[in-house]
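Working notes, structure below.
Residue numbers (the numbering used here), protein chains in the order written: chain F, -8 to 277; chain W, -8 to 277.
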């Protein structure tokens, strides 16, 4: 594989940013990696873990002249940082974001004179853990990466983005930002809320936590796994995808109410029919 | 370990019944195991897989004189079979059920003259798969088993039940049937409905299934895992636990609506606060 960049800056040294740094460092030890994080403990930890070579601040010249700059902060910070950063970077640099929302971020720089130096991406990978210690080499491998508005990128931007995602072994999918946000509302954001609220409902009723622990099977654990996710990361995602997500929630709540109606009237056949339909998710997942 | 029984009958040769048969057969090859299943394919398959020694029907003398009879059918069938079976078994036999509801089943035989020959149990173990092929040796190992109304059992019933659950390496917890059903509504039944309805919501909106497959991450997969569960098994569980489950659903829907309200008004701080509270599920699960 050709080495497309000599220097890399990563904003946000958590699970995503840390894992990108780790792969680049492992495969191309010569590439200089700068780390930027507003949390000094995260930055220090990332340095200790050898994910990055140096801690920098967002205005340092080494950062602004990096060949590739990855934004892996929460999406509210991406939206804040991106326009200013794009204005300040050298004409040779490329900025790539990894946020879980795309429409709001893309709109922010729609008319920016350096729009072609920006690549809007969403690598679909993650765990319920966060911070630099959560980073690992195989996080992205074999997963999908969504790129939006790729037609607005310069050739150099396209090449560097493709280089990065090939390096971490992801398959790229291309779509417009609105489609991305609509689909992700259903297959990701909604399931996070369903999980968070399930956790909350059970915690509220079960004051004696020992009982939950004793009685919860692996099914419950699987369903509430996402309730362990980071609020700082997810609240801004929900906010930026408010419209699609609220519509998805409307539909989810309606489904629950319709099922509850069948339950109350003990309409076992209709309950079974709804569950059989839901079983079709097998085909999609397997 | 002392061999407490010489013959065993298993009603329902699926994941649960099949796994009990498998453990008994592996550890005590001399114990004769009879299998009863209304689905002839399941019975044949269980015989082929060596889970059982002989296929029997529910009225066969070998079944009615078995030292231990395990009921591992859907809970509606348990409720139907149990009173009649209890009337017909020999005075030496013990019947044990493994249903995911306990109150309705216990009430059915509350005043039965042979109540002391029945043990109401709920081994908390399972996967989203079903049928005899889903059975495996370690299904129960290290998990919890709930026994209700143990005080109504004869000494012999108690000994045989304890023998079985020690054999499969489960820890017994004792509680009344109403408490069981209430707790399980929250930590098991509700999460199944939340998962079934999430699957349904996403399937309804995403007509092009390819899109879901491409965009769904491991988080979605984890949250909808239970939507693959068997409707024939779960619909009767929901029905028998209607009151507690409907209350749990009320609370879950209310939580979702309250979160949606914060989302619509972009009250990010309150969204974060709710999610932070939900994060406490970590402590319970880990």
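Virtual Cβ for every residue (Gly too), placed ideally from N, Cα, C. Just so you know, these numbers come straight off a predicted model, no measurement behind them.
Under the DSSP assignment, residue 27(W) falls outside any alpha helix (DSSP H), being part of the beta strand (DSSP E) whose first and last residues are 23 to 27. For residue 103(F), the three-state secondary structure derived from DSSP is coil.
For chain W, the residues of the segment 133 to 144 of chain F that bring a beta carbon within less than 8 angstroms of one of its beta carbons are 134, 135 and 137, in chain order.
The beta carbon of residue 121(W) sits no closer than 8 angstroms to any beta carbon of chain F. DSSP, reduced to helix, strand and coil, places residue 166(F) within a strand of the structure shown. In this structure, the CA atom of residue 119(W) is about 17 angstroms from the CA atom of residue 265(F). Against residue 195(F), the close residues of chain W are 242, 246 and 268, in the order they occur along the chain (beta-carbon pairs closer than 9 angstroms).
Per DSSP, the beta-bridge partners of residue 111(F) are 88(F) and 139(F). Annotated three-state conformation of residue 19(W) is coil, per DSSP.
For residue 203(F), the C-beta contacts it makes with chain W under 9 angstroms involve 174, 177, 178, 272, 275 and 276, in order along the chain. For residue 262(W), at least one C-beta of chain F is nearer than 8 angstroms to its own C-beta. Residue pairing from DSSP places residue 45(F) in a beta bridge opposite 25(F). Under the DSSP assignment, residue 217(F) falls outside any beta strand (DSSP E); it carries neither an H nor an E label. Contact between residue 73(F) and residue 96(F) holds: CB atoms are separated by about 7 angstroms, below the 8 angstroms threshold. Excluding five sequence positions before and after residue 81(W), the CB atoms of its chain that fall closer than 7 angstroms to its own CB belong to 55 and 56, given in chain order.
Bounds of the beta strand (DSSP E) holding residue 60(W) are 59 to 62. Just so you know, the alpha carbons of residue 102(F) and residue 2(F) end up roughly 23 angstroms apart. In its chain, beyond the 5 residues on either side, 121 have a beta carbon closer than 6 angstroms to the beta carbon of residue 221(F). Around the C-beta of residue 78(F), fewer than 16 other C-beta atoms lie within 10 Å, and the residue is accordingly described as exposed. About 20 angstroms separates the CB atoms of residue 106(W) and residue -4(W); that is not less than 8 angstroms, and the two are not in contact. Between the segment 30 to 41 of chain F and the segment 156 to 170 of chain F there are fewer than three C-beta pairs closer than 8 angstroms, too few to call the two in contact.
Contact of residue 128(W) with chain F by beta-carbon distance below 7 angstroms is absent, the smallest such distance being about 16 angstroms.
Under a 10 Å Cβ-count criterion, residue 128(F) is classified as exposed, with fewer than 16 other Cβ atoms of the shown protein chains found around its own Cβ. For residue 57(W), no Cβ of chain F is located within less than 8 angstroms of the residue's own Cβ.
Rounded to whole angstroms, the gap between the alpha carbons of residue 88(W) and residue 46(W) is 19 angstroms.
With a 10 Å radius around the Cβ and a threshold of 16 neighbouring Cβ atoms, residue -8(F) comes out exposed. Per DSSP, reduced to three states, the secondary structure at residue 40(F) is coil, with no helix or strand assignment. Among the bridge pairs identified by DSSP, residue 2(W) is matched with 27(W) and 62(W).
Close partners of residue 255(F) in chain W (Cβ separation under 8 angstroms): 233 and 237. Taking 8 angstroms as the upper bound for CB-CB distance, residue 94(W) and residue 146(W) are not in contact here, some 25 angstroms apart.
With respect to the C-alpha of residue 224(F), the residue from 92(F), 139(F), 191(F) and 26(F) having the closest C-alpha is 92(F). The alpha-carbon of residue 32(W) is positioned some 20 angstroms away from that of residue 69(W).
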